[in-house]
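As they're listed, the protein sequences go chains G and Y. If you read the first sequence in my numbering, its first letter stands for residue 9, the second for the next number, and so on. If you read the second sequence in my numbering, its first letter stands for residue 867, the second for the next number, and so on. Some notes on the structure that comes next.
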Amino acid sequence: MFKNPKFKYLLIAVLITAAIGGYYAYSEYNRRNPSMEEVKAVHTLNASEILSAFESKPQESKKMYTDQVLELTGPIKEIEKDDTGFYTVVLGEAGSMSSVRCVVDSLFTDRAAKLVSGTPATLRGVCVGYTADDMGLGADLLLNRCYPAQQ
Amino acid sequence: MNKFITLSLLLIGICSSAFAQKYFTKNGSISFDATAPGSPENITADNRTVQCVIDGATGNMQFKASMKAFTFERALMQEHFNENYVESDKFPDAKFAGSISNMSAIAMDKDGSYPATVKGKLTLHGETRDVETTGKVTVAKGKVTATANFSVLLSDYKVNVPSLVSDKVSKTAKINVSCGLEPLK
């Protein structure tokens, strides 16, 4: 079929490259956000420690922590369950307006349901932002896709 | 007579404080659907960290949603949304400031389902536009829930959709808002 064996090898190389490229594009397109149960935290801190950091140095803290996986420990101020069954675990000191709000991944609803207000807990999640207190509701650090690592 | 005056003042105080009550949430939900008609691919996301405050007396209301808190089914879509479409690092929040124009027709302390007309300014991707929509305030056993559905034209907020994906991403995004509100103490 191929008079020159170079063409044969070239065709094989092109097909292999196309297959690898196709597989990469397919897997990248279908990539899901990783479960926080399996991801290692970049920073491990106390809830009060990180809230103080955002209050005193908002810009530096934003750069350091936003989009990072954080593992935070603190007393559970409140456990909220919305109408669709999603849990938000609020970490922070009872008397303080500032909190860490951890939206629990729906995969871990059962673990969230076992948490108890007033007791310490550790949650791992992605930091998606800090909302300063410009609506009179207190300042909050927001974590998404959280996994209750320890209760 | 003194007792009567004291009681009257007390009642007026209670009534006015109930009427002037503010309601809030920090775990409100906003979801959007920007799937182009006929596209098999769903472009949807939701955000469960929405802050909202409604003044029960004036109807004034405020919303704030962190853009990075929108969660997509596909990680790549979420990355493109934050980096290329809404530029979340540059414009971290979407905000709405406005009012319920028919607040006097809504009894926040009485069970019922009340239609609400909402007018205000929506700021997204650094662009502010007037928005007007109808919604619903439902009061059931003291629990207040505010819901609204509306659409925004992406080009109004300078959110550019590359021509390569214009058959997948709609020119408008349908937005659903749902907030279970508590009295602000």
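For every residue, glycine included, the Cβ atom is placed at its ideal position computed from N, Cα and C.
{"Item": "Distance CB(THR130/G)-CB(THR81/G) smaller than 7 Å", "Value": "yes"}
{"Item": "ASN968/Y in three-state terms, based on DSSP", "Value": "coil"}
{"Item": "CB contact check: VAL111/G to chain Y, cutoff 7 Å", "Value": "yes"}
{"Item": "Contacts around ASP899/Y, its chain only, beta-carbon distance under 6 Å, and the 5 residues preceding and following it disregarded", "Value": "THR910 and LYS1040"}
{"Item": "CA-to-CA distance, SER104/G to LYS1051/Y, given in whole angstroms", "Value": "14 Å"}
{"Item": "Amino acids of chain G, ordered along the chain, whose beta-carbon sits closer than 7 Å to that of ASN893/Y", "Value": "GLU88, ASP90 and THR96"}
{"Item": "Whole beta strand (DSSP E) elements within the region 969-1019 of chain Y, 3-residue minimum", "Value": "978-990, 993-1006 and 1009-1019"}
{"Item": "Test: SER1021/Y CB closer than 7 Å to a CB of chain G", "Value": "no"}
{"Item": "Assigned exposure category for ALA982/Y - 16 Cβ within 10 Å defines buried", "Value": "buried"}
{"Item": "Contact set for SER883/Y: own chain, Cβ-Cβ below 7 Å, skip 5 residues either direction", "Value": "Summary for SER883/Y: the model assigns pLDDT 45, below 50, so the residue's position carries little reliability; its value from the coordinates is reported in the next sentence. Nothing meets the Cβ criterion."}
{"Item": "LEU95/G - partner residues in DSSP beta bridges", "Value": "Correcting the residue type first, residue 95/G is Tyr in the shown sequence and not Leu. Looking at the DSSP assignment, TYR95/G forms a beta bridge with LYS89/G."}
{"Item": "Own chain residues within Cβ distance below 8 Å of LEU151/G, not counting five before or after", "Value": "LEU78, LEU80, VAL108, ARG109, CYS110, VAL111, LEU131, GLY133, VAL134, CYS135 and VAL136"}
{"Item": "Cα-Cα separation, ALA960/Y to LEU19/G", "Value": "51 Å"}
{"Item": "Chain-ordered neighbours of GLN1068/Y on chain G, where CB pairs are closer than 7 Å", "Value": "Past the boundaries of the shown model lies residue 1068/Y; chain Y is included only from 867 to 1051, so the question cannot be answered."}
{"Item": "LEU942/Y at chain G interface by Cβ criterion, 7 Å", "Value": "yes"}
{"Item": "Any C-beta of chain G under 7 Å from that of PHE958/Y", "Value": "Here residue 958/Y is Pro; the residue named in the question, Phe, does not match the sequence. Interface residue, yes."}
{"Item": "Distance between THR924/Y and ASP1052/Y (C-alpha atoms, nearest Å)", "Value": "Outside the displayed span of chain Y (867 to 1051) sits residue 1052/Y, for which this structure offers no information."}
{"Item": "Sub-7 Å separation of ALA1012/Y and THR999/Y beta-carbons", "Value": "no"}
{"Item": "According to DSSP, residues forming a beta bridge with LYS888/Y", "Value": "ASP921/Y"}
{"Item": "Expected contact under 8 Å - CB spacing of SER106/G and LEU59/G to nearest Å", "Value": "5 Å"}
{"Item": "Under 9 Å by beta carbon: chain Y residues contacting GLU57/G", "Value": "Near GLU57/G there are no residues of chain Y at all, since even the closest Cβ is about 21 Å away, more than 9 Å."}
{"Item": "Below-7 Å beta-carbon distance, LEU150/G vs any chain Y residue", "Value": "yes"}
{"Item": "Cα-Cα separation between GLY100/G and ASP90/G, rounded to whole angstroms", "Value": "20 Å"}
{"Item": "Cα-Cα separation between SER1021/Y and ASP142/G, rounded to whole angstroms", "Value": "28 Å"}
{"Item": "Unbroken beta strand (DSSP E) run spanning VAL952/Y, endpoints", "Value": "Note, VAL952/Y: premise wrong, no beta strand (DSSP E); not H, not E."}
{"Item": "Outcome for LEU875/Y when other beta-carbon atoms lying within 10 angstroms are tallied against a minimum of 16", "Value": "Confidence at LEU875/Y is low in this model, with a pLDDT of 46, below 50, so the placement of that residue is unreliable and no value is reported for it."}
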